[in-house]
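Under my numbering, the final residue of the sequence shown carries the number 299; numbering is consecutive throughout.
Right, one structure below, let's go through it.
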Amino acid sequence: AAALICALELEREADPATLYGILLYTASPDAEGTLGGLVKAGERIDDHLQAALEWGRLCSNDPVCAGHRPDDPYERRFLHGAACHGCLLIAETSCEQGNDFLDRTLVVPTVEHPHVAFFPDPP
């Protein structure tokens, strides 16, 4: 099985418009995860990102999922924001952070918190 590895490159001190990057690469070369396959997928990266942002706006468990507040002292899932097995969580062995600190509200507008997202609705 091919394993994909992702690295985020962030430079906080310089112009934020020019120094962000995502590096995707295969951990092992095989028929399913060749570099050529990633190059072909990279040609449509904008389409993939737009689709991911659109899918993140709504979860099948909304409004319960989107209304989750990690800062609630009575909440048992204090390391998760708007994240559940219906939208973001994957097998914990597949995520090096153990699915902690995920919150789609901080990425895209959700039904409970439409104004705090990094990627607001397009005009």
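Ideal Cβ placement from N, Cα and C applies to all residues, glycine included.
Cβ neighbour criterion (16 or more within 10 Å) applied to residue i
| i | result |
| --- | --- |
| residue 233 | buried |
| residue 224 | exposed |
| residue 119 | Summary: the structure shown does not reach residue 119, with the chain confined to residues 177 through 299, and so no result is reported for it. |
| residue 196 | exposed |
Sequence-distant residues of the same chain with beta carbon closer than 6 Å to residue i, five excluded per side
| i | result |
| --- | --- |
| residue 237 | 260, 262 |
| residue 177 | Low local confidence applies: a pLDDT of 49 at residue 177 is under 50, so the model's placement there is unreliable, and no value is given. |
| residue 219 | none |
C-beta atoms of residue i and residue j nearer than 8 Å
| i | j | result |
| --- | --- | --- |
| residue 258 | residue 271 | no |
| residue 283 | residue 294 | yes |
| residue 214 | residue 202 | yes |
Residues near residue i in its chain [Cβ-Cβ closer than 7 Å; skip 5 each side]
| i | result |
| --- | --- |
| residue 229 | 284, 295 |
| residue 235 | 241, 242, 260, 262, 263 |
Cβ-based neighbour list, residue i, same chain, cut-off 8 Å, excluding 5 preceding and 5 following
| i | result |
| --- | --- |
| residue 281 | 242, 257, 258, 288, 289, 292, 293 |
| residue 217 | 224 |
| residue 198 | 182, 183, 184, 185 |
| residue 251 | 244, 245 |
| residue 279 | 246, 256, 257, 258, 259 |
* Curious, which full-length alpha helix (DSSP H) runs of at least 4 residues does the segment 221–281 contain? -> 221–232
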